[in-house]
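The sequence shown stops at residue 332 when you use this note's numbering, and every number in between is there.
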Amino acid sequence: MAHLLVTGGAGFIGSNFVHHVVAHTDHTVSVLDKLTYAGNPASLEGLPGTRVKLVQGDIADAALVDRLFAESDAVVHYAAESHNDNSLDDPRPFLDTNIVGTYTLLEAARRHGTRFHHISTDEVYGDLELDDPERFTETTPYNPSSPYSSTKAGSDLLVRAWVRSFGVRATISNCSNNYGPRQHVEKFIPRQITNVLQGIRPKLYGAGLNVRDWIFADDHSSAVLTILEKGRLGETYLVGADGEKSNKDVVELVLRLMGRPADAYDHVVDRAGHDLRYAIDSSRLRDELGWRPSYADFESGLGATIDWYRENESWWAPAKAATEASYARKGQ
Ligand code: NAD
Ligand code: TDX
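Structural data, given as structure tokens:
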């Protein structure tokens, strides 16, 4: 049994990881989360208080971070400003949390000698053409497009430098697009599901031909646990479940699964600098560490996600009106 510190554990993927750890291990967990607009303590409801405690605070608060590292065997770092559209409106919080926050954690890992796992994204590699036969691998050059992805790329490079220069015992994973329960309604799939539930037409940026490589959040969690247990220190692992879909196909499937006509959506203003396609080759993780996704069927994963939003309106409704008002101001 170990004690894990999970940063950003009240957010979408971090909270899914905490649920996964409680269900599949006997570890105990401290969550360090600032509870920004994206963090929600309700995402940790139902978990035993003997196993999980929530500490509200900033990963850039060095004194707090130091105290929490002193009592942890390993740290899994999810906390971030995570939404590309927000990073186009106001990049500053992305620098503060993704860069300075990660730096603060790395300095604590260096002082305490703590095992550290850094959560990152495939967006650090930029984008691919729609017909490119190649997918991203661990050796693809970094080429981020947005303020969000450039700060994530910067944080990855800090981790690599702290491994090489100071011997920090770290691993990195870069995952593709996650979907599943407890994702904020600003993101693509929950936005469209909750739009349909509220009688609003789904909104597709531009022509909707952009491709994302979807993975169910619980599969991301099992990959992270596998890397924490068996990953080689200093290594990067790409995480993906061969789930490439165009945005247009995803919207049409959401509509069909919710009993609406497949064309009942609007095209809206495109995202500035919109990455065309992401695609992950996760062979290293599969071949070296034996990881496999369990939720490979996108349609059933999407159906389960729709059911979750249907049944948990009290979780998402408080954020919905303000999120849509903010999109509407931008013509999105
Ligand atoms: P999210 O926005 O849902 O959650 C982020 C959490 O971090 C929130 O609970 C927020 O309160 C917390 N947080 C923000 N700033 C903080 C700070 N300064 N100190 C402490 N806590 C802070 O994000 P998510 O989608 O769950 O993403 C989690 C991680 O996974 C991020 O690092 C993101 O880059 C990465 N990632 C996300 C995806 C995806 O599809 N969403 C894919 C690959 C990688
Ligand atoms: O209303 C929408 N309509 C639309 O067409 C929204 C919100 C998005 N989109 C498009 C933009 C993208 O092509 O859908 C796609 C997915 O958009 P997001 O959910 O904003 O995700 P993305 O920008 O791909 O980034 C996500 O995956 C990688 C996460 O937000 C990041 O944190 C992660 O690093």
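For glycine and all other residues, C-beta sits at the position ideal for the given N, C-alpha and C.
Bear in mind that the values here come from a model prediction, so they are computed numbers and not experimental data.
Legend entry - Near the ligand TDX: Leu204 beta-carbon under 7 Å from a heavy atom: As a position in the sequence shown, residue 204 is number 204, starting the count at 1. At least one heavy atom of the ligand TDX is nearer than 7 Å to the Cβ of Leu204, so yes.
Inset, instruction - Check whether the Cβ of Thr102 sits closer than 7 Å to any heavy atom of the ligand TDX, and report yes or no. - result: Walking along the sequence shown from the start, residue 102 turns up at place 102. Every heavy atom of the ligand TDX is 7 Å or more from the Cβ of Thr102, so no.
Inset, instruction - Below 8 Å CB to CB, which residues in the same chain sit around Ser382 once its five sequence neighbours on both sides are set aside? - result: Residue 382 falls outside the range modelled here, since the chain spans only 1 to 332, and no answer is possible.
Inset, instruction - Kindly examine the ligand NAD and report whether one of its heavy atoms sits closer than 7 Å to the Cβ of Ser120. - result: Residue numbering aside, residue 120 sits at position 120 when the sequence shown is read from its first letter. Within the cutoff, so yes.
Inset, instruction - Flag Lys152 as yes when its Cβ comes closer than 7 Å to any non-hydrogen atom of the ligand NAD, and as no otherwise. - result: The residue labelled residue 152 in the question sits at position 152 within the sequence shown. Yes, the beta carbon of Lys152 sits closer than 7 Å to at least one heavy atom of the ligand NAD.
Legend entry - Length of the line joining the Cα atoms of Ala328 and Val268: Counting from one through the sequence shown, the residue named residue 328 turns up at place 328. Counting from one through the sequence shown, the residue named residue 268 turns up at place 268. Their Cα atoms are separated by approximately 10 Å.
Inset, instruction - State the start and end residues of the unbroken alpha helix (DSSP H) segment that holds Ser72. - result: As a first step, residue 72 must be located in the sequence shown, where it is residue number 72. Element bounds for Ser72: n/a, residue is neither H nor E.
Inset, instruction - Would you tell me roughly how many angstroms separate the C-alpha atoms of Gly303 and Asn40, rounded to the nearest one? - result: For the purposes of this step, residue 303 is identified with residue 303 of the sequence shown, where counting begins at 1. For the purposes of this step, residue 40 is identified with residue 40 of the sequence shown, where counting begins at 1. One C-alpha to the other measures close to 23 Å.
Legend entry - Uninterrupted beta strand (DSSP E) stretches inside the region 86–174 (no shorter than 3 residues): 115–121
Inset, instruction - Determine the extent of the beta strand (DSSP E) in which His27 is found, giving its start and end residues. - result: Translated into the one-based positions of the sequence shown, residue 27 becomes position 27. Run containing His27: none; DSSP gives neither H nor E here.
Legend entry - Simplified DSSP assignment, three categories, for Glu3: Along the sequence shown, one-based indexing puts residue 3 at 3. Note that residue 3 corresponds to His in the displayed sequence, not to Glu. Reduced to three states, the DSSP call for His3 is strand.
Legend entry - Inter-residue spacing [alpha-carbon to alpha-carbon] between Ala70 and His112: Here residue 70 refers to the residue found at position 70 when the sequence shown is read from its first residue. Here residue 112 refers to the residue found at position 112 when the sequence shown is read from its first residue. Answer to the nearest angstrom: the Cα atoms are 7 Å apart.
Legend entry - Proximity winner among Ala223, Asp90 and Pro190, relative to Glu313 (alpha-carbon distances): What you label residue 313 is simply residue 313 of the sequence shown in a count that begins at 1. Per the Cα distances, Pro190.
Legend entry - Secondary structure of Leu35, DSSP reduced to three states: Here the question's residue 35 lines up with position 35 in the sequence shown. Residue state, collapsed to three classes: coil.
Inset, instruction - Taking only heavy atoms of the ligand TDX into account, decide whether any of them is closer than 7 Å to the Cβ of Arg212. - result: As a position in the sequence shown, residue 212 is number 212, starting the count at 1. Because some heavy atom of the ligand TDX lies under 7 Å away, the Cβ of Arg212 counts as near it: yes.
Inset, instruction - Answer yes or no: the CB of Asp85 versus the heavy atoms of the ligand TDX, is any distance below 7 Å? - result: The residue labelled residue 85 in the question sits at position 85 within the sequence shown. Yes, Cβ of Asp85 sits closer than 7 Å to a heavy atom of the ligand TDX.
Inset, instruction - Ignore the nearest five residues each way along the sequence and tell me which others in Gly234's own chain have a CB closer than 6 Å to its CB. - result: Taking the sequence shown and counting its residues from 1, the one referred to as residue 234 is at position 234. Only Val163 meet the Cβ criterion.
Inset, instruction - Taking only heavy atoms of the ligand TDX into account, decide whether any of them is closer than 7 Å to the Cβ of Arg332. - result: The residue you call residue 332 lines up with position 332 of the sequence shown. Looking at the sequence itself, residue 332 is Gln, so the reference to Arg does not match. Result yes, Cβ under 7 Å from the ligand TDX.
Legend entry - Sufficient close CB pairs (3 or more, under 8 Å) joining the region 44–56 to the region 254–266: no
Inset, instruction - Tell me whether Gln192 sits in a helix, a strand or coil according to DSSP, three-state version. - result: For this step, residue 192 is matched to residue 192 along the sequence shown. Helix, per DSSP.
Legend entry - Any non-hydrogen atom of the ligand NAD within 7 Å of Asp58 CB: Locating residue 58 in the sequence shown gives position 58, counting from the first residue. Because some heavy atom of the ligand NAD lies under 7 Å away, the Cβ of Asp58 counts as near it: yes.
Legend entry - Nearest candidate by alpha-carbon position, reference Tyr148, set Gly290, Ala272, Trp291 and Ala319: Sequence index remark: in the sequence shown, residue 148 carries index 148 (1-based). That would be Ala272, whose Cα lies nearest to the Cα of Tyr148.
Inset, instruction - Could you pull out every residue in the same chain whose Cβ sits closer than 7 Å to the Cβ of Gln192, ignoring the five residues on either side in sequence? - result: Residue numbering aside, residue 192 sits at position 192 when the sequence shown is read from its first letter. Taken in chain order, the residues that qualify are Pro202, Val251 and Val254.
Legend entry - Nearest-angstrom Cα separation, counted from Ala321 out to Ser15: As a first step, residue 15 is located in the sequence shown; it is residue number 15 there, counting from the start. As a first step, residue 321 is located in the sequence shown; it is residue number 321 there, counting from the start. Straight-line Cα distance between these residues: approximately 23 Å.
Inset, instruction - Report the rounded CA-to-CA distance for Gly8 versus Gly167, giving the unit in angstroms. - result: As a working mapping, residue 8 is identified with position 8 in the sequence shown. As a working mapping, residue 167 is identified with position 167 in the sequence shown. Approximately 25 Å between the Cα atoms of the pair.
Inset, instruction - Could you tell me the boundaries of the alpha helix (DSSP H) in which Arg256 lies? - result: One-based indexing of the sequence shown puts residue 256 at position 256. Asn247 to Leu257 is the extent of the alpha helix (DSSP H) around Arg256.
Legend entry - Collapsed DSSP secondary structure at Leu204 in the structure displayed: Locating residue 204 in the sequence shown gives position 204, where the first residue counts as 1. Note: Leu204 maps to strand in three-state DSSP.
Legend entry - Best match in Val6, Arg256 and Arg169 for proximity to Arg51 [C-alpha to C-alpha]: Locating residue 51 in the sequence shown gives position 51, counting from the first residue. The candidate whose alpha carbon is nearest that of Arg51 is Val6.
Legend entry - Nearest residue (CA-CA) to Ser300, options Arg277, Gly331, Gly243 and Leu276: Against the sequence shown, residue 300 aligns to sequence position 300. Nearest of Arg277, Gly331, Gly243 and Leu276 to Ser300, Cα basis: Gly243.
Legend entry - Own chain partners of Phe216 with C-beta closer than 6 Å, once the 5 adjacent residues on each side are dropped: Taking the sequence shown and counting its residues from 1, the one referred to as residue 216 is at position 216. The answer, listed in chain order, is Gly180, Tyr295 and Gly301.
Inset, instruction - Flag this pair as yes or no: are the beta carbons of Ser176 and Trp214 separated by less than 8 Å? - result: Here the question's residue 176 lines up with position 176 in the sequence shown. Here the question's residue 214 lines up with position 214 in the sequence shown. Yes, the Cβ-Cβ distance between Ser176 and Trp214 is below 8 Å.
Inset, instruction - Ignore the nearest five residues each way along the sequence and tell me which others in Val124's own chain have a CB closer than 7 Å to its CB. - result: Locating residue 124 in the sequence shown gives position 124, counting from the first residue. Result list for Val124: Tyr142, Pro144, Ser149, Lys152, Ala153, Asp156 and Asn174, in chain order.
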